[in-house]
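Enquirer: Chain order of the listed sequences is B and P.
The opening residue of the first sequence carries number 21 in the working numbering; numbering runs sequentially from there.
The opening residue of the second sequence carries number -10 in the working numbering; numbering runs sequentially from there.
Beta carbons: idealized from backbone N, C-alpha and C, even for Gly.
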Amino acid sequence: MISNLDRMIPVDVKAEMEEYEVFLLLCGVWLHDIGMLVKRKGESLAQVRDVHHKRGRQLIRTSLDKLDLTDDERYVVGEMAYYHRKTEDLSNVKEIMEIQHDSIVSKVRPQFLCALLRLADGCEVAHSRSSRELVEIAGIDDEARFHHEAHLHVSGVGFDPITHEITVFLRVKKQEDAELLTNFLRSSLEKELSSVKEVLKRNGIDYSSVQCDVTLDQYAREMPRVPIKVKEMSIEEKLAELERRTGYYPSMLIDEGRRIHVFYETISQTRKELQNEIVAVLEKIWNLFPEKKIVILTTNKIHDPRGTIGESDPEIITVGSKREEFEGYQQESIDKRELWNKLVFFRKVSTDQFHKIRVKANWPLVV
Amino acid sequence: MKKTAIKLVKITNSQGRTKEISSKDLLSIQTSKSIMNYAGTFDIIVDNTGGKNSKLCEPKDEVEIWLGYKETEIGKVMGGFIDRVILEKSEESKETMRLQGRSYSSVLLDSKVSGKIHYAQGYSQVLRELLKETPLKPKGILDTEGKGTIVLRNVPLIDVVRQIAEEMVWTFEVDHDKVFHFKPVTPPKKSGITLTDKDIKSFRFVKESK
Chain B
21 MISNLDRMIP VDVKAEMEEY EVFLLLCGVW LHDIGMLVKR KGESLAQVRD VHHKRGRQLI
81 RTSLDKLDLT DDERYVVGEM AYYHRKTEDL SNVKEIMEIQ HDSIVSKVRP QFLCALLRLA
141 DGCEVAHSRS SRELVEIAGI DDEARFHHEA HLHVSGVGFD PITHEITVFL RVKKQEDAEL
201 LTNFLRSSLE KELSSVKEVL KRNGIDYSSV QCDVTLDQYA REMPRVPIKV KEMSIEEKLA
261 ELERRTGYYP SMLIDEGRRI HVFYETISQT RKELQNEIVA VLEKIWNLFP EKKIVILTTN
321 KIHDPRGTIG ESDPEIITVG SKREEFEGYQ QESIDKRELW NKLVFFRKVS TDQFHKIRVK
381 ANWPLVV
Chain P
-10 MKKTAIKLVK ITNSQGRTKE ISSKDLLSIQ TSKSIMNYAG TFDIIVDNTG GKNSKLCEPK
50 DEVEIWLGYK ETEIGKVMGG FIDRVILEKS EESKETMRLQ GRSYSSVLLD SKVSGKIHYA
110 QGYSQVLREL LKETPLKPKG ILDTEGKGTI VLRNVPLIDV VRQIAEEMVW TFEVDHDKVF
170 HFKPVTPPKK SGITLTDKDI KSFRFVKESK
């Protein structure tokens, strides 16, 4: 992570950081996951992970007597441990603090340090983070196994402050794995980045997008496809599985018996990408919810607001599909274009300045 | 005869104690209305000579802004929460305190929800459940039909409300008294006001290329 920080922070910003601020940042790097060491009886690894940031802050502030840190230092490092989780809102962290240490008073930017740590931790996806032995012998759950396998396919992460891009270098065996990992890694890093972008920008660091650079290598290992028992899964587990399979984060699901409605945010940049993605995501939803008759999918476009369906570009598009149409597609009795023509698209339009309603949209498949 | 405006700002802290800022201490009040479900904003500048008002409020305290011309005719123009308190001292040694914040709708923007809700009375039941965790009180159409389950995974409350409003073709707003109204979308009505040459002092056309 220290290497990530070193490459992520541009030279001019580094030059402006006080030594003391760097010291606190490094303390944060070493201690931010310390809450993972606290496991109560009966807790699963996932449950520990969910609260480790809270426990970490508590430990750093109130225990760990051997840490030779002052109360102010423990406060800042505790904030870093707490706010490295992207679910927590960084705007609650103090922007500036003045801390006296020895006989010097230093200005410290806790919010900036939390943002740096969060992004550096999010970018900690390279193979050096994981090991094949751990995946094989540790008996970890499927979700953790998928994350470890994903990391084993990442050869490095690059930061370019001039083009404002973060690039993830992937080495995969098959195109299918490339799509799976690109979706998964880009989506998760984009979310990490968007949660810290404004804070970093205010402090002179400007990254705006995440790219994947894929190398197909026949000697790379195939990504595991874990057999799952759909009938035994709860809705929440199905959503987690959908996230794992697509790399996108389904934020909301409405289940009304015969019909389900799933909402997620896309990072597709072009019409072609988005259309391919919609078919792929729908296919995965149908596989996970085979008992449903109708699937509705709403996708928010969170990135480039320009361009998916020409003049009437939506920021939000809703797609309706019926089971028999997808069965026909999966059994290859109809092709992708025929399937596409059977789907129903809705987009939002204004009836006046304030109210938006959904209307049917004609959205032909890009060749 | 020129009327004199009356300004009044009430601040309620997290313990429920209310204080008023006197009209003579209120140097300026600016508000912008909530639009398209985004929160309205306020910016209040208070005289703070000698730090007399420094301890009056904290971020997250509640603010009510009242304006009018007579004690009996003043009305509440905005209610919301303080986001920032800025203590300033200008070159002329004038000390001021600036309170910036957003209207009650900010609760919808700032809250995130996770969990599962089973409903048997349609989406209005979902909305009521969601608003239970907020200081907002629901009002409007509260009877809908429909059974189902909604699963939420760390979603901003505003997104859920917008989505439900859209499904039902409803519209919603949060008023100055923390009441969350939801009602069917109705076509806009004509105001009946016509502006003539007498009323229009100047105008500007802007043409933009697509």
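In whole angstroms, what is the alpha-carbon distance linking G176 (chain B) and V188 (chain B)?
Expert: When rounded, the distance between both Cα atoms is 6 Å.
Enquirer: Looking only at DSSP bridge pairs, what is R85 (chain P) linked to?
Expert: Looking at the sequence provided, one finds Thr at residue 85 (chain P) rather than Arg. P:D36 and P:E77.
Enquirer: Skipping 5 residues on each side, what residues in its chain have a beta carbon closer than 6 Å to that of R77 (chain B)?
Expert: Cβ neighbours of R77 (chain B) beyond the five flanking positions: G98, A101 and Y102.
Enquirer: Assign F192 (chain P) to buried or exposed, taking buried as 16 or more other Cβ atoms, counted over all protein chains shown, within 10 Å of its Cβ.
Expert: It is exposed - the Cβ of F192 (chain P) has fewer than 16 other Cβ atoms within 10 Å.
Enquirer: Which one or two residues does DSSP pair with R367 (chain B) in a beta bridge?
Expert: Beta-bridge pairing links R367 (chain B) to B:I337 and B:V379.
Enquirer: Whose C-beta lies closer than 8 Å to the C-beta of L273 (chain B) among residues of the same chain, with five residues either side of it excluded?
Expert: The answer, listed in chain order, is I255, L259, I280, H281, V282 and F283.
Enquirer: Pull the bridge partners of R232 (chain B) from the DSSP assignment, please.
Expert: Looking at the sequence itself, residue 232 (chain B) is Cys, so the reference to Arg does not match. Answer is B:V188.
Enquirer: Is the CB-CB distance between F70 (chain P) and K49 (chain P) below 7 Å?
Expert: Taking 7 Å as the Cβ cut-off, F70 (chain P) and K49 (chain P) qualify as a contacting pair.
Enquirer: Closest to V379 (chain B) by C-alpha separation, out of B:V339, B:E344 and B:L359, would be which residue?
Expert: Out of B:V339, B:E344 and B:L359, B:V339 has the C-alpha closest to the C-alpha of V379 (chain B).
Enquirer: Determine, for I139 (chain P), whether the minimum Cβ-Cβ distance to residues of chain B falls below 7 Å.
Expert: Chain B contact via Cβ: present.
Enquirer: With DSSP as the reference, label M37 (chain B) as helix, strand or coil.
Expert: It is coil, neither helix nor strand.
Enquirer: Would you tell me roughly how many angstroms separate the C-alpha atoms of R265 (chain B) and W50 (chain B), rounded to the nearest one?
Expert: Answer to the nearest angstrom: the Cα atoms are 32 Å apart.
Enquirer: Whole angstroms is fine: what's the gap from P124 (chain P)'s alpha carbon to R75 (chain B)'s?
Expert: Spanning the two alpha carbons is a distance of roughly 29 Å.
Enquirer: Using beta-carbon positions only, say whether I336 (chain B) and S207 (chain B) come within less than 7 Å of one another.
Expert: No; because the gap between Cβ atoms is not below 7 Å, this pair is not in contact.
Enquirer: Using a Cβ-Cβ cut-off of 7 Å, state whether E276 (chain B) counts as contacting chain P.
Expert: It does: the Cβ of E276 (chain B) has a partner Cβ on chain P nearer than 7 Å.
Enquirer: L61 (chain B) by DSSP, collapsed to three states: which one?
Expert: The amino acid occupying residue 61 (chain B) in the given sequence is Lys; Leu does not appear at that position. Three-state result, K61 (chain B): coil.
Enquirer: Looking at the strands, I want to know which residues DSSP matches up with F179 (chain B).
Expert: B:I186, per the DSSP bridge assignment.
Enquirer: With DSSP as the reference, please indicate the residues paired to T138 (chain P) in a beta bridge.
Expert: T138 (chain P) pairs with B:D275 and P:H107.
Enquirer: Exposed or buried, what is Q351 (chain B) when buried is set at 16 or more other beta-carbons lying within 10 Å of its beta-carbon?
Expert: Looking at its Cβ environment, which holds fewer than 16 other Cβ atoms inside 10 Å, Q351 (chain B) is exposed.
Enquirer: Does the beta carbon of I314 (chain B) sit closer than 7 Å to a beta carbon anywhere in chain P?
Expert: Chain P contact via Cβ: absent.
Enquirer: Taking the alpha carbon of N320 (chain B) as the point to measure from, which residue in B:E242, B:N307 and B:E285 has its own alpha carbon closest?
Expert: Taking only the C-alpha atoms, the option nearest N320 (chain B) is B:E285.
Enquirer: Touch check for the region 70 to 80 of chain P and the region 129 to 138 of chain P: three-plus C-beta pairs under 8 Å?
Expert: In short, these stretches do not touch, since the Cβ pair count stays below three.
Enquirer: In whole angstroms, what separates the C-alpha of L220 (chain B) from that of L87 (chain B)?
Expert: Their backbone Cα atoms lie some 29 Å apart in a straight line.
Enquirer: Following the continuous beta strand (DSSP E) through L(-3) (chain P), name the residue where it begins and the one where it ends.
Expert: Run containing L(-3) (chain P): I(-5) to T1, per the beta strand (DSSP E) assignment.
Enquirer: Where are the beta strand (DSSP E) runs, 3 residues long or more, that stay fully inside the region 65 to 121 of chain B, in chain order?
Expert: Whole beta strand (DSSP E) segments, 3+ residues: 117 to 121.
Enquirer: Rounded to whole angstroms, what's the CA-CA distance from S21 (chain P) to G29 (chain P)? Just pull it up for me.
Expert: Whole-angstrom Cα-Cα distance: 5 Å.
Enquirer: Could you give the first and the last residue of the continuous beta strand (DSSP E) run that contains P384 (chain B)?
Expert: Here P384 (chain B) belongs to no beta strand (DSSP E), and DSSP marks it neither H nor E.
Enquirer: To the nearest angstrom, report how far apart N37 (chain P) and H165 (chain P) are at their CA atoms.
Expert: The alpha-carbon atoms of N37 (chain P) and H165 (chain P) are separated by roughly 27 Å.
Enquirer: If H184 (chain B) sits next to S228 (chain B), beta carbons under 8 Å apart, how far is it from one beta carbon to the other, in whole angstroms?
Expert: Indeed they touch by this definition, with Cβ atoms about 4 Å apart.
Enquirer: Within 8 Å, do at least three Cβ pairs link the region 118 to 135 of chain B to the region 229 to 242 of chain B?
Expert: No, the region 229 to 242 of chain B is not in contact with the region 118 to 135 of chain B.
Enquirer: Using a Cβ cut-off of 8 Å, pull out every chain P residue sitting near M272 (chain B), in sequence order please.
Expert: Chain P residues near M272 (chain B): I139, V140, L141, R142, V144, D148, V149 and Q152.
Enquirer: Run down chain B in chain order and give the residues with a C-beta less than 7 Å from the C-beta of G40 (chain P).
Expert: Under the 7 Å cutoff, chain B gives no residues; its nearest Cβ is about 19 Å from G40 (chain P).
Enquirer: Please report whether the beta-carbon of I255 (chain B) lies at a distance below 7 Å from any beta-carbon of chain P.
Expert: I255 (chain B) counts as touching chain P.
Enquirer: Please classify Y112 (chain P): is it buried, with 16 or more other beta-carbons within 10 angstroms of its beta-carbon, or exposed?
Expert: Buried is the call here.
Enquirer: Can you give me the start and stop residues for the alpha helix (DSSP H) that L200 (chain B) sits inside?
Expert: From DSSP, the alpha helix (DSSP H) with L200 (chain B) extends over Q195 to R222.
Enquirer: Return helix, strand or coil for P124 (chain P), following the three-state DSSP convention.
Expert: In this structure, P124 (chain P) counts as coil in the three-state DSSP scheme.
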